[in-house]
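Quick note: to get the working numbering, add 6 to the position in the sequence shown (first position is 1). Everything on this sheet refers to the single structure shown next.
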Amino acid sequence: MELNEAITQAMYRIEQIGTGLQQTVSFKSEADANRYWKFFVENEDVVRAEYVNLLLIADVGYSLRQLKRLDFLNCILPIPIFSERFVEKNAETLKDDLLFFPCSVQSKHDILPFYMGRILNISSILDVESSGKRQLTDDSWIPDVPFVYHKANNDHYIVHDATHRSHYVASERLREIGHNYRVEWYKVALNKT
Numbered sequence: 007m008e009l010n011e012a013i014t015q016a017m018y019r020i021e022q023i024g025t026g027l028q029q030t031v032s033f034k035s036e037a038d039a040n041r042y043w044k045f046f047v048e049n050e051d052v053v054r055a056e057y058v059n060l061l062l063i064a065d066v067g068y069s070l071r072q073l074k075r076l077d078f079l080n081c082i083l084p085i086p087i088f089s090e091r092f093v094e095k096n097a098e099t100l101k102d103d104l105l106f107f108p109c110s111v112q113s114k115h116d117i118l119p120f121y122m123g124r125i126l127n128i129s130s131i132l133d134v135e136s137s138g139k140r141q142l143t144d145d146s147w148i149p150d151v152p153f154v155y156h157k158a159n160n161d162h163y164i165v166h167d168a169t170h171r172s173h174y175v176a177s178e179r180l181r182e183i184g185h186n187y188r189v190e191w192y193k194v195a196l197n198k199t
């Protein structure tokens with residue numbers, strides 16, 4: 007396998023740059039979380055797009071300085087949250103893969119602008135057979151660590167899994183766009199077959 011082919015095969019999990027704490031941003035209420043899970047993760051139009059303008063709450067431990075510097079925030083739900091800097095520069099390039107919706111992140115008394123991304127591409131990327139498994143109390147099984155993924159289409163920047171919607175991966179193309187931003191990129195394990 008040539009180096010260029012190996013690079014195009016890579017898929018990534020996106021995370022906020024490590025701050026030493028397991029920090030996330032959360033929704034104001036469970037009702038908001040449920041509504042926006044349907045809108046952003048399941049891609050159901052339960053909210054008219056023009057009315058999406060969220061206020062998210064930053065966990066204790068975030069400093070205003072950190073929030074101003076980060077270009078990606080970990081959300082309590084599997085929704086990518088990007089900085090205004092990132093979106094202003096890349097929204098046009100990513101328009102077929104991500105729709106960006108403005109949101110505000112509150113940290114104590116300060117409010118900062120960010121954007122939540124609605125992932126438009128859906129594919130069967132999670133390799134359930136090769137991933138770990140965890141048994142639930144009702145005796146059913148769900149995929150668990152270590153997660154293994156099928157290679158996603160090279161044409162996409164980012165894609166959600168068709169069945170297990172809490173999983174999404176980014177392509178090498180998105181990582182190349184984001185390499186100058188304050189974002190962590192972790193290679194995911196790909197099925198070798």
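We treat Cβ as the ideally placed atom computed from N, Cα and C, and that holds for glycine. Keep in mind the model is a prediction, meaning the values are calculated, not measured.
Exercise. First and last residue of the alpha helix (DSSP H) that includes Tyr187?
Worked result: One-based indexing of the sequence shown puts residue 187 at position 181. Boundaries cannot be given for Tyr187, as no alpha helix (DSSP H) includes it and DSSP labels it neither H nor E.
For this session: Please confirm whether any heavy atom of the ligand MN lies closer than 8 Å to the CB of Ala195.
Result: Annotation note on the ligand MN: not contained in the displayed structure, which lists no ligands.
Problem set entry | Environment of Asp102 [buried if 16+ CB atoms lie within 10 Å] | Stepping through the sequence shown from its first residue, residue 102 is reached at position 96. Answer is exposed; the Cβ neighbour count stays below 16.
Exercise. The beta strand (DSSP E) spanning Arg19 covers which residue range?
Worked result: In the sequence shown, counting from the first residue as 1, residue 19 sits at position 13. Start and end: 17–21.
Problem set entry | Contact check, Pro272 vs Ala195, beta carbons under 9 Å | Residue 272 is absent from the model: the chain starts at 7 and stops at 199.
Exercise. Between which two residues does the alpha helix (DSSP H) harbouring Leu73 extend?
Worked result: Start at 1 with the first residue of the sequence shown, and residue 73 comes out as number 67. It spans 70–75 - the alpha helix (DSSP H) in which Leu73 sits, taken as one unbroken run.
Exercise. For Val154, which residues from the same chain have a beta carbon less than 6 Å from its beta carbon, with the 5 sequence-adjacent residues on both sides left out?
Worked result: Your numbering for residue 154 matches position 148 in the sequence shown. Excluding sequence neighbours, Val154 sits near Asp133, Ser136, Ser137, Ala195, Asn197.
Exercise. Could you check where the beta strand (DSSP E) with Tyr163 kicks off and where it finishes?
Worked result: Sequence index remark: in the sequence shown, residue 163 carries index 157 (1-based). Looking at the DSSP string, Tyr163 is not in any beta strand (DSSP E), and its letter there is neither H nor E.
Exercise. Hey, Glu190 and Ile63: beta-carbon distance below 9 Å or not?
Worked result: Walking along the sequence shown from the start, residue 190 turns up at place 184. Walking along the sequence shown from the start, residue 63 turns up at place 57. No, Cβ-Cβ distance for Glu190 and Ile63 is not below 9 Å.
Problem set entry | Spatial distance of Asn10 from Glu36 (CA atoms) | By 1-based counting over the sequence shown, the position of residue 10 is 4. By 1-based counting over the sequence shown, the position of residue 36 is 30. Model confidence at Asn10 stands at a pLDDT of 44, short of 50, so the residue's coordinates are unreliable and nothing is read from them.
Exercise. Pick from Tyr187, Asn186, Leu180: whose alpha carbon is nearest that of Lys193?
Worked result: Numbered from its first residue, the sequence shown carries residue 193 at position 187. Residue Leu180 holds the alpha-carbon nearest to the alpha-carbon of Lys193 among Tyr187, Asn186, Leu180.
Exercise. Out of curiosity, what's the CA-to-CA distance linking Leu70 and Leu118?
Worked result: Numbered from 1 along the sequence shown, position 64 holds the residue referred to as residue 70. Numbered from 1 along the sequence shown, position 112 holds the residue referred to as residue 118. Those two C-alpha atoms are separated by around 9 Å.
For this session: Note down the Cα distance separating Gly184 from Ser110, rounded to an integer number of angstroms.
Result: In the sequence shown, residue 184 corresponds to position 178, counting from 1. In the sequence shown, residue 110 corresponds to position 104, counting from 1. So the two alpha carbons sit approximately 21 Å from each other.
Problem set entry | Secondary structure of Arg2, DSSP reduced to three states | Only positions 7 to 199 of the chain appear in the structure, and residue 2 is not among them; the question remains open.
Problem set entry | Which of helix, strand or coil DSSP assigns to Val53 | One-based indexing of the sequence shown puts residue 53 at position 47. Correct three-state label for Val53: coil.
Exercise. Does DSSP classify Ala158 as helix, strand or coil?
Worked result: Within the sequence shown, the letter at position 152 stands for residue 158. Ala158: coil per DSSP, three-state reduction.
Problem set entry | Rounded separation between Arg188 and Arg75 - CA only | Position 182 of the sequence shown holds residue 188. Position 69 of the sequence shown holds residue 75. If you take the alpha carbons of Arg188 and Arg75, they lie about 7 Å apart.
Exercise. Given His166, which residues of its chain have a CB within under 6 Å of its CB, disregarding the five upstream and five downstream residues?
Worked result: Walking along the sequence shown from the start, residue 166 turns up at place 160. Answer for His166: Ile125, Ile128, Tyr174, listed in chain order.
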